[in-house]
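Asks:
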Amino acid sequence: MAPPPTTKIIFLTLLVQLCTTTISTTVAANTTNATTGTGGKIPAIFIFGDSLLDTGTNTFLPTGVRADHAPYGENFPRRVPTGRFSNGRLMSDMLASHLGIKYTVPSFLELGLSNEDIVTGVCFASAGSGYDDTTNAAAGIIPVLRQVDYLRMYITRLRSFVGAVQANRNLNDALVVVSSGSNDVTVSFYDSPNRPGLFIGAYHDFLLSRLQTFVQELYGQGLRNMIIFGLPPIGCFPGEISAKFRIDRSCVENENSDSESYNQKLVARLAQLQPSLPGTKLVYGDIYTPLYDMVKNPLNYGFEVVDRGCCATGFVETGPFCSISTPVCPNPDKFVFFDAAHPTEATYRHVAQSLQKQALPQFL
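Right under this line is the structure:
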């Protein structure tokens, strides 16, 4: 079954946003003063990609790939399961908070977004998505390149109340954060029977060509400052360990090597692409190194469990299979992963701190 056409989804989204007066589930946390701000140099943040950054987009889509139920969000303000695939906030929220923009970043599809929410940025990321449009195509999610359609809707609304000049200035000065590729590699390559004879290096090249098109699309909409995340150590994610039947629960190191190879190519591609986009700053966001170090040296970070998630058995459960009816560990802060495919808030905090040191200073 093919996903709903983008135009139909956009129409339904506009209809809902025009007709509703529902209070946003962003929680009053967005009115909380963010910490360690930078004096407003970066006025807004825009999030694109997959479940590592999705703050609730899939909650408003006809998909089963969602996390708007307990135990997700059990450590979020008011214990609200907003659709974030974790027990609390994500890296996207933490980066926005560090920059003094806001405490949490709402999904653009949330109901009742205020003008302030719009001005300071939103999330377009959709869990389960990838650069490859065929990744989870039947699941009703929004592929990364189609997330630009929602950006265009956003810009129309922004211009309607701040004017074209101020809107363009806001877009030029905003920070873009992108995380994608993990679903492509796991779902559309490692676990796909439809890629006979295709080597992982060739698939990486395909993904990077799609990423380049995506960055050019963002540039065409006025966005200039971008952090592009590389792949995480996919072979250390509990779900992948289980899929490869690792009885000793050790990382699948050949998959980690693949991630490192992709990341090296990504760095080179960004350096090659930047000169062709005047005024743009493209920065590689290294999430591989801090995540891998947490798995290999957990005690340095206060972790005790690295090979399974906090939810249910922790070996395979994610999304609807991590639910209110499944057991949950008593202290997620001791786990690197919350479910079989997504880190805990504590893990995200360490990764965000790493990004604050190695990526954000290049924009400040």
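Mind the numbering: the sequence shown is residues -24 to -1, 1 to 340 in mature numbering (1 follows the signal peptide of the UniProt record, and there is no 0), read in order.
Built from N, CA and C at the ideal position, the CB exists for glycine as well.
All values reported here derive from a predicted model rather than from experimental measurement.
(1) With DSSP as the reference, please indicate the residues paired to VAL56 in a beta bridge.
(2) So what does MET67 bridge to, in DSSP terms?
(3) When you compare each of LYS17, TYR268, PRO319, ASN148 to GLY196 by their alpha carbons, which one comes out closest?
(4) Specify, as a first and last residue, the run of the beta strand (DSSP E) that PHE84 falls within.
(5) Is the separation between the beta-carbon of VAL41 and that of ALA115 shorter than 8 Å?
(6) Kindly indicate which three-state DSSP category ASN144 falls into: helix, strand or coil?
(7) Is it buried or exposed for ASN239, if we count other Cβ within 10 angstroms and need 16 for buried?
(8) Quick check on VAL259: does DSSP put it in helix, strand or coil?
(9) For ARG186, which three-state DSSP category applies?
(10) Give the secondary structure of PHE297 by DSSP, where H, G and I count as helix, E and B as strand, and everything else as coil.
(11) Here's a check: name, in chain order, each residue in its chain whose Cβ is nearer than 6 Å to the Cβ of VAL124, leaving out the five neighbours to either side.
(12) What residue from PRO53, THR33, LEU75 has the CA that sits closest to residue 350's CA?
(13) Within 10 angstroms of the Cβ of ASN307, are there 16 or more other Cβ atoms? Answer buried if so, exposed if not.
(14) Looking only at its chain, what residues have a beta carbon closer than 6 Å to the beta carbon of ARG65, apart from the 5 residues adjacent to it on each side?
(15) What would DSSP say about ASN201, mapped onto helix, strand or coil?
(16) Rounded to a whole number of angstroms, what is the C-alpha to C-alpha distance between GLU50 and VAL281?
(17) Determine the DSSP secondary structure at CYS99, reduced to helix, strand or coil.
(18) So which of PRO19, ARG122, ILE131, TYR179 has the shortest CA-CA distance to THR189?
(19) Can you look up CYS286 in the DSSP assignment and give me helix, strand or coil?
(20) Closest to residue 347 by C-alpha separation, out of GLU86, ASN63, PRO19, LEU87, would be which residue?
(21) In chain order, what residues of the same chain lie with their CB nearer than 6 Å to the CB of CYS212, ignoring the 5 residues before and after it?
(22) Quick one: grab the DSSP three-state call for LEU75.
(23) Roughly how many angstroms lie between the CA atoms of VAL138 and SER155, to the nearest whole one?
(24) Put PRO319 into one of helix, strand or coil per three-state DSSP.
(25) Counting along the chain, where does the beta strand (DSSP E) carrying LEU151 start and finish?
(26) Decide if ARG245 is buried, meaning its Cβ has at least 16 other Cβ atoms within 10 Å, or exposed.
(27) In three-state terms, what does DSSP make of PHE137?
(28) Would PHE22 pass as a contact of ALA150 if the rule is Cβ separation under 8 Å?
(29) Report the rounded CA-to-CA distance for TYR79 versus ASP167, giving the unit in angstroms.
(30) Determine, using beta carbons only, whether LEU267 and PRO214 come nearer to each other than 8 Å.
Replies: Reading from the atomic positions:
(1) Its beta-bridge partners do not exist; DSSP assigns none.
(2) None, per the DSSP bridge assignment.
(3) ASN148
(4) Taken as a continuous stretch (DSSP letters only), PHE84 belongs to no beta strand (DSSP E), as it is neither H nor E.
(5) A Cβ-Cβ contact shorter than 8 Å links VAL41 with ALA115.
(6) helix
(7) buried
(8) strand
(9) Here ARG186 sits in helix by DSSP.
(10) helix
(11) GLU193
(12) Here the chain covers residues -24 to 340 and nothing more, so residue 350 does not appear.
(13) exposed
(14) GLU321
(15) strand
(16) 19 Å
(17) Here DSSP, grouped into helix, strand and coil, assigns CYS99 to strand.
(18) ARG122
(19) coil
(20) No information on residue 347 is available, as it lies outside the stretch -24 to 340 that the chain covers here.
(21) Excluding residues up to 5 positions away in sequence, CYS227, VAL271 lie with their Cβ nearer than 6 Å to the Cβ of CYS212 in the same chain.
(22) coil
(23) 29 Å
(24) PRO319 falls in the strand class under three-state DSSP.
(25) 151 to 155
(26) It is buried - the Cβ of ARG245 has at least 16 other Cβ atoms within 10 Å.
(27) helix
(28) Contact: yes.
(29) 37 Å
(30) no
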